[in-house]
Amino acid sequence: MDNLISWIMFAVIYGTTLTLSGMGETINEKSGHLNLGVPGIMYLSAICSFLPLYQYEQSVSNPNAFVAILIALVISYAVGALMGFIYSLMCVTFKANQNVVGLVISSFGVGFGKFISSASHIVGSGGVTASFATKVFSAGIPFLKDIPYVGQILFGYGFMTYVVLILAILLNIFLKRTRIGLNLTAVGENPYCADAVGINVTRYRYRATITGCGLCGMGGIVYVLTFSNGLWSTNNGIEAIGWLAVALVIFSSWRPKNLIWGSILFGLAYWTFNFLPSLVEMTSFTGLTELLQMIPYFLTIIVLIINSLRRKKENQPPESLGLPYFREER
Numbered sequence: 019m020d021n022l023i024s025w026i027m028f029a030v031i032y033g034t035t036l037t038l039s040g041m042g043e044t045i046n047e048k049s050g051h052l053n054l055g056v057p058g059i060m061y062l063s064a065i066c067s068f069l070p071l072y073q074y075e076q077s078v079s080n081p082n083a084f085v086a087i088l089i090a091l092v093i094s095y096a097v098g099a100l101m102g103f104i105y106s107l108m109c110v111t112f113k114a115n116q117n118v119v120g121l122v123i124s125s126f127g128v129g130f131g132k133f134i135s136s137a138s139h140i141v142g143s144g145g146v147t148a149s150f151a152t153k154v155f156s157a158g159i160p161f162l163k164d165i166p167y168v169g170q171i172l173f174g175y176g177f178m179t180y181v182v183l184i185l186a187i188l189l190n191i192f193l194k195r196t197r198i199g200l201n202l203t204a205v206g207e208n209p210y211c212a213d214a215v216g217i218n219v220t221r222y223r224y225r226a227t228i229t230g231c232g233l234c235g236m237g238g239i240v241y242v243l244t245f246s247n248g249l250w251s252t253n254n255g256i257e258a259i260g261w262l263a264v265a266l267v268i269f270s271s272w273r274p275k276n277l278i279w280g281s282i283l284f285g286l287a288y289w290t291f292n293f294l295p296s297l298v299e300m301t302s303f304t305g306l307t308e309l310l311q312m313i314p315y316f317l318t319i320i321v322l323i324i325n326s327l328r329r330k331k332e333n334q335p336p337e338s339l340g341l342p343y344f345r346e347e348r
């Protein structure tokens, strides 16, 4: 029973980062931008916010929880937003290929992030831990988390789990019920028609991409402080969760509310090997662990096939996804 509870909690904590990053990518894709730079944005944002956070902890005898939260979230969002601005500049203003720009940002973010990590002389070979920030971000709801079994599953998570849950619900309402959200959807579906009725396509794409990349950046530091227990090392797996976030958006059919349960399912599937050690030990197949970690991608492929066969409009990606907008062709 304890193993099952641990597995569920593991999946929810892992899913928190997936949902947050998935929301950022959903906003990007709703505007028509297929941003493949999520892994790099998450990695670079994480290291740029982790280093000042760690230095703050080391320089103050009695660190403040609010200041720690502010450093982690504001800096990571700002770095992600800056990368989003660069992406928009290249893809909206200069009409560069979105796939190429995204992959360049992904490679640059991871590479430059590792360079910063090595050049800082703070991160040793074994990594360093922001222990105070980890306690702040991982503390469950007092008293309620002590309820046997149910308490841990429902109330044993850090505050960001509940914030992300609320944000996903609000984003779903925003895209479906508000004028700005509907305009953003129109920009992603058909920017020529949107422009014809007076919607500023360039402005919407810039704002959506910058906002979405900012959320992806926050996802990077949340992953380190919650799932990785505050440990920073160069092989912390942020790149992997970045690609999973892109797959999750497809799996959720571009609906923010589906990100919630989809991310938990991905977490359960991705970490199956960690809680089924007997399964791994029973077989002599050395690649079983890696094969089990591929389950979320298999699920995404299955969903793509099902959606293609059904041909339902609401399950398809935005029609202008990945395509540059040339106003002169309107």
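Per this note's numbering, the sequence shown runs over residues 19 to 348. C-beta atoms are modelled at their ideal positions from N, C-alpha and C, and glycine is treated no differently.
| Query | Result |
| --- | --- |
| Inter-residue CB distance, Phe245 and Tyr95 (contact presumed, cutoff 8 Å) | Wrong, their Cβ atoms sit about 19 Å apart, outside the cutoff. |
| Neighbour flag for Asn46 against chain D, beta carbons, 7 Å | As a matter of chain content, chain D is missing from the structure shown, which is built from one protein chain. |
| Outcome for Lys48 when other beta-carbon atoms lying within 10 angstroms are tallied against a minimum of 16 | buried |
| Closest residue to Trp250 among Glu207, Leu121, Gly280, Lys132 (Cα-Cα distance) | Lys132 |
| Asn190, buried or exposed, once every other Cβ within 10 Å from all chains shown has been counted against 16 | buried |
| Where the alpha helix (DSSP H) containing Val264 begins and where it ends | 256-269 |
| Reduced DSSP category for Val146 - H, G, I as helix; E, B as strand; rest coil | strand |
| Cys231 vs Met101 beta-carbon contact at 7 Å | yes |
| Given Ile198 as reference, the closest of Thr318, Asn247, Asn218 once Cα atoms are compared | Asn218 |
| Element boundaries [alpha helix (DSSP H), containing Tyr175] | No alpha helix (DSSP H) holds Tyr175; DSSP gives it neither H nor E. |
| The stretch 114-131 contacting the stretch 270-277, beta-carbon criterion three pairs below 8 Å | no |
| Leu249 - partner residues in DSSP beta bridges | Thr147 |
| For Ser156, three-class secondary structure by DSSP | helix |
| Euclidean distance between Cα positions of Val97 and Phe173 | 31 Å |
| DSSP-derived helix/strand/coil call for Val215 | coil |
| Test item: CB-CB of Thr229 and Tyr105 under 7 Å | no |
| Residues of its chain near Ala157, where Cβ-Cβ distance is below 8 Å and the 5 sequence neighbours each way are ignored | Gly176, Phe177 |
| Outcome for His51 when other beta-carbon atoms lying within 10 angstroms are tallied against a minimum of 16 | buried |
| Alpha-carbon to alpha-carbon, Asn53 and Gly87 | The sequence shown places Ile at residue 87, not Gly. Approximately 27 Å, taken between the alpha carbons. |
| For Ser67 and Ala368, the rounded distance between their alpha carbons | Given a span of 19 to 348 for the chain in the structure shown, any question on residue 368 remains unanswerable. |
| Expected contact under 8 Å - CB spacing of Glu257 and Pro57 to nearest Å | 4 Å |
| Residue environment, Pro209, which counts as buried when at least 16 other CB atoms sit within 10 Å | buried |
| Selection from Leu339, Ser135, Tyr288, Leu121 that minimises the alpha carbon distance to Leu202 | Leu339 |
| Length of the line joining the Cα atoms of Ile278 and Ile184 | 10 Å |
| Three-state secondary structure (DSSP) of Thr111 | helix |
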